[in-house]
Amino acid sequence: MIQVLNITLFIGIIFFLIIPSVVLLIECIASLFSQSDHSKKTNLAHPRTVVLVPAHNEAEQIESVLQKVLAQLNTQDRLVVIADNCHDETAALARSTGATVIERFNQEKRGKGYALDYGLKFIENDPPEVVVILDADCQIEPGTISSITRLAQDSGRPVQATYLMDQPDHPSLKDKISMFSLTVKNLVRLKGLNSLGWHSLLTGSGMAFPWSVISKVSLAGSKTTDDMQLTVDLAIAGDSPIFSQEALVTGRLMKNKHAQSQRMRWEHGHIEMILVEVPRLLKEFIKQRRIELLILALDIFVPPLSLLVMIWLIATFICSLAVTIGASLLPVAVALVAGCLIVAAVLLAWWQYGRNNLSLLSLIAIPFYVLSKIPIYLKFLVQPQSRWLRTERDG
Numbered sequence: 004m005i006q007v008l009n010i011t012l013f014i015g016i017i018f019f020l021i022i023p024s025v026v027l028l029i030e031c032i033a034s035l036f037s038q039s040d041h042s043k044k045t046n047l048a049h050p051r052t053v054v055l056v057p058a059h060n061e062a063e064q065i066e067s068v069l070q071k072v073l074a075q076l077n078t079q080d081r082l083v084v085i086a087d088n089c090h091d092e093t094a095a096l097a098r099s100t101g102a103t104v105i106e107r108f109n110q111e112k113r114g115k116g117y118a119l120d121y122g123l124k125f126i127e128n129d130p131p132e133v134v135v136i137l138d139a140d141c142q143i144e145p146g147t148i149s150s151i152t153r154l155a156q157d158s159g160r161p162v163q164a165t166y167l168m169d170q171p172d173h174p175s176l177k178d179k180i181s182m183f184s185l186t187v188k189n190l191v192r193l194k195g196l197n198s199l200g201w202h203s204l205l206t207g208s209g210m211a212f213p214w215s216v217i218s219k220v221s222l223a224g225s226k227t228t229d230d231m232q233l234t235v236d237l238a239i240a241g242d243s244p245i246f247s248q249e250a251l252v253t254g255r256l257m258k259n260k261h262a263q264s265q266r267m268r269w270e271h272g273h274i275e276m277i278l279v280e281v282p283r284l285l286k287e288f289i290k291q292r293r294i295e296l297l298i299l300a301l302d303i304f305v306p307p308l309s310l311l312v313m314i315w316l317i318a319t320f321i322c323s324l325a326v327t328i329g330a331s332l333l334p335v336a337v338a339l340v341a342g343c344l345i346v347a348a349v350l351l352a353w354w355q356y357g358r359n360n361l362s363l364l365s366l367i368a369i370p371f372y373v374l375s376k377i378p379i380y381l382k383f384l385v386q387p388q389s390r391w392l393r394t395e396r397d398g
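In my numbering, each residue carries its 1-based index in the sequence shown increased by 3.
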């Protein structure tokens, strides 16, 4: 009985802790040696582009967002706003900037994927060379559209810009840790993958697609993580995305109950991807024998940082408790090794992008931040969020 317990604990620690911890550390180490932006390697002219902006009740900031987009477009380009089930002035304000606005009303098929599918059907009779997707609450840095569209045109692959979040006013320690966790996911790890010459994950905004690629997939769906789902679909089809580090879009981190809703969508979506899409990728890897599918599966298998820390805490406790009834110390030792790998990865990421906003001492608060997320993970067991719905803006 004790022997079976030892084997079970050992296999569980290797599978759920060592593998994701090693992958995370490799990505963080590789990010230190990231290559220069691919977009500087092409001399292609700015391709004919359509920027699609799905918007649901975004009257507060839609004008400033669109004005920054229009400043980066040529006369051959178009800006199309999909006002999706809006009951505010989003459509009128968007039209006032000179953007083309199409309105969509469907209370049953709600969400970003359906809105984007509606926009793609609107432009399919006069398709561009490249389609850019930008969320309506994101600010886009100068030069970003040209950078990602030229790279998409040159490579023939989807391109993801760096997508980060602005901190809210007077950020709490929880806000700062959440910002750091998102930076690890959307910048540090993607830099590492880029340095190794591997794929990039799509992160939801600031994406450019050759028309020949985006026209082959269906975006009409209700996945919480439609961007990650799209990454998997494209990779299986042979069109893995790539990362443009120096192109930048920034969204806004929510506060209070809005932040909780936002985090819940992200966390539940990632867990769903691990449970559903990792097995699918492994199956396709065996079938197609393409190493990039295995790498993508391993990358997605790394859970959100807070969940990974929580798994480590629980696993270490269980293994230590098992020792008291006669189990081997080996699972405890392996769990401690996994903990060291996680700490090393976090410190490397913090040294690169966290130390200016988050003190080293504040990192000690991460376990308490993890505890605050327990209700999010428990709710996944009873009421998982399975579709994309916009988080209401905080005032």
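The beta carbon of each residue, even a glycine, is placed where N, CA and C say it ideally should be. None of the values given here were measured: they were computed from a predicted structure.
*asked:* Within the continuous beta strand (DSSP E) that includes ALA336, where are the two ends?
replied: By 1-based counting over the sequence shown, the position of residue 336 is 333. Looking at the DSSP string, ALA336 is not in any beta strand (DSSP E); the run it does join, the alpha helix (DSSP H), is 333-356.
*Are the region 117-131 and the region 235-246 touching, with three or more C-beta to C-beta distances below 8 Å?*
no
*Whose CA, out of SER247, SER158, SER149, GLN291, lies closest to the CA of GLN79?*
Sequence index remark: in the sequence shown, residue 79 carries index 76 (1-based). Answer by Cα proximity: SER149.
*Mapping DSSP to helix, strand and coil, what is ILE22?*
Position 19 of the sequence shown holds residue 22. Residue state, collapsed to three classes: helix.
*If you scan the region 74-99 from start to end, which runs of the alpha helix (DSSP H) of 4 or more residues do you find wholly inside it?*
93-99
_Burial state of ASN197 (16 or more Cβ within 10 Å)_ = Here residue 197 is taken as the residue at index 194 of the sequence shown, counted from 1. Burial call: buried.
*Counting pairs of Cβ atoms below 8 Å between the region 29-36 and the region 50-63, do you hit three or more?*
no
*Bounding residues of the alpha helix (DSSP H) (the contiguous stretch that carries GLN16)*: As a first step, residue 16 is located in the sequence shown; it is residue number 13 there, counting from the start. It is Ile, not Gln, that sits at residue 16 in the sequence shown. Residues 5-16.
*Please go through the region 153-205 and give each complete beta strand (DSSP E) segment of 3 or more residues, from N-terminal end onward.*
162-169
*Measure how close the beta-carbons of SER158 and ILE245 come, nearest whole angstrom, since I'm counting them as under 8 Å.*
Taking the sequence shown and counting its residues from 1, the one referred to as residue 158 is at position 155. Taking the sequence shown and counting its residues from 1, the one referred to as residue 245 is at position 242. About 6 Å; that satisfies the 8 Å criterion.
*Ignore the nearest five residues each way along the sequence and tell me which others in GLN110's own chain have a CB closer than 8 Å to its CB.*
Indexing the sequence shown from 1 puts residue 110 at position 107. Closer than 8 Å at Cβ, skipping near neighbours: ASN88.
_Straight-line Cα distance separating ILE328 from ASP140_ = As a position in the sequence shown, residue 140 is number 137, starting the count at 1. As a position in the sequence shown, residue 328 is number 325, starting the count at 1. Whole-angstrom Cα-Cα distance: 54 Å.
*Per DSSP, GLN64 forms a beta bridge with which residues?*
Within the sequence shown, residue 64 is the residue found at index 61, counting from 1. None, per the DSSP bridge assignment.
*Helix, strand or coil for ARG255 per DSSP?*
Within the sequence shown, the letter at position 252 stands for residue 255. If DSSP states are grouped into helix, strand and coil, ARG255 belongs with the strands.
*With a floor of 4 residues, list each alpha helix (DSSP H) that falls wholly inside the region 288-327, ordered by position along the chain.*
294-304, 308-326
*Cβ neighbours of THR319 in the same chain (closer than 8 Å, five flanking residues each side left out)*: Within the sequence shown, the letter at position 316 stands for residue 319. Around THR319: VAL335, ALA338, LEU339, GLY342.
_Inter-residue CB distance, THR103 and LEU82 (contact presumed, cutoff 8 Å)_ = Walking along the sequence shown from the start, residue 103 turns up at place 100. Walking along the sequence shown from the start, residue 82 turns up at place 79. Confirmed, about 7 Å.
*Hey, could you find the ends of the alpha helix (DSSP H) PRO370 is sitting in?*
Counted from its first residue, the sequence shown places residue 370 at position 367. Here the alpha helix (DSSP H) through PRO370 covers 369-375.
*Near VAL252, which residues of its chain fall below 6 Å by C-beta distance, leaving aside the five closest residues on each side in sequence?*
As a first step, residue 252 must be located in the sequence shown, where it is residue number 249. Cβ within range, chain order: CYS141, ILE143, ALA164, TYR166, SER208, GLY209.
*Could you tell me whether the Cβ atoms of LEU308 and SER215 are closer together than 8 Å?*
Your numbering for residue 308 matches position 305 in the sequence shown. Your numbering for residue 215 matches position 212 in the sequence shown. Taking 8 Å as the Cβ cut-off, LEU308 and SER215 do not qualify as a contacting pair.
*Should PRO161 go down as buried or exposed, given a rule of 16 or more other Cβ atoms within 10 Å for buried?*
What you label residue 161 is simply residue 158 of the sequence shown in a count that begins at 1. Classification for PRO161: buried.
*asked:* Judging by CA-CA distance, which residue of PRO370, SER331, GLN355, LYS376 is the nearest neighbour of PHE36?
replied: Position 33 of the sequence shown holds residue 36. Cα-wise, what sits closest to PHE36 is GLN355.
*To the nearest angstrom, report how far apart ASP178 and VAL7 are at their CA atoms.*
Mapped onto the sequence shown, residue 178 falls at position 175. Mapped onto the sequence shown, residue 7 falls at position 4. Each residue's Cα considered, the two are about 43 Å apart.
*Identify which residue in THR100, SER24, THR152 has its Cα closest to the Cα of LEU47.*
Translated into positions along the sequence shown, residue 47 becomes position 44. Taking only the C-alpha atoms, the option nearest LEU47 is THR152.
*Excluding five sequence neighbours on each side, which residues of the same chain lie with their C-beta closer than 7 Å to the C-beta of SER203?*
The residue labelled residue 203 in the question sits at position 200 within the sequence shown. So the list reads GLN163, LEU193, LEU196, ASN197, PRO244, ILE245, PHE246, once near-sequence residues are dropped.
*Apart from the five residues just before and just after ALA250, which ones in its own chain have a Cβ nearer than 6 Å to its Cβ?*
The residue labelled residue 250 in the question sits at position 247 within the sequence shown. Once the five neighbours on either side are set aside, the close Cβ partners of ALA250 are THR147, SER150, ILE151, ALA164.
*With 16 other CB atoms within 10 Å as the buried threshold, where does GLN75 fall?*
Looking up residue 75 in the sequence shown gives position 72. So GLN75 ends up on the buried side.
*List the endpoints of the continuous beta strand (DSSP E) containing LEU233.*
What you label residue 233 is simply residue 230 of the sequence shown in a count that begins at 1. Premise fails: LEU233 lies in the alpha helix (DSSP H), 229-239, not in any beta strand (DSSP E).
*To the nearest angstrom, how far is it from the Cα of ILE277 to the Cα of ILE180?*
In the sequence shown, residue 277 corresponds to position 274, counting from 1. In the sequence shown, residue 180 corresponds to position 177, counting from 1. Rounded to whole angstroms, ILE277 to ILE180 spans 23 Å at the Cα level.
*Over what stretch of residues does the beta strand (DSSP E) that includes VAL133 continue unbroken?*
The residue labelled residue 133 in the question sits at position 130 within the sequence shown. Segment 133-136, the beta strand (DSSP E) holding VAL133.
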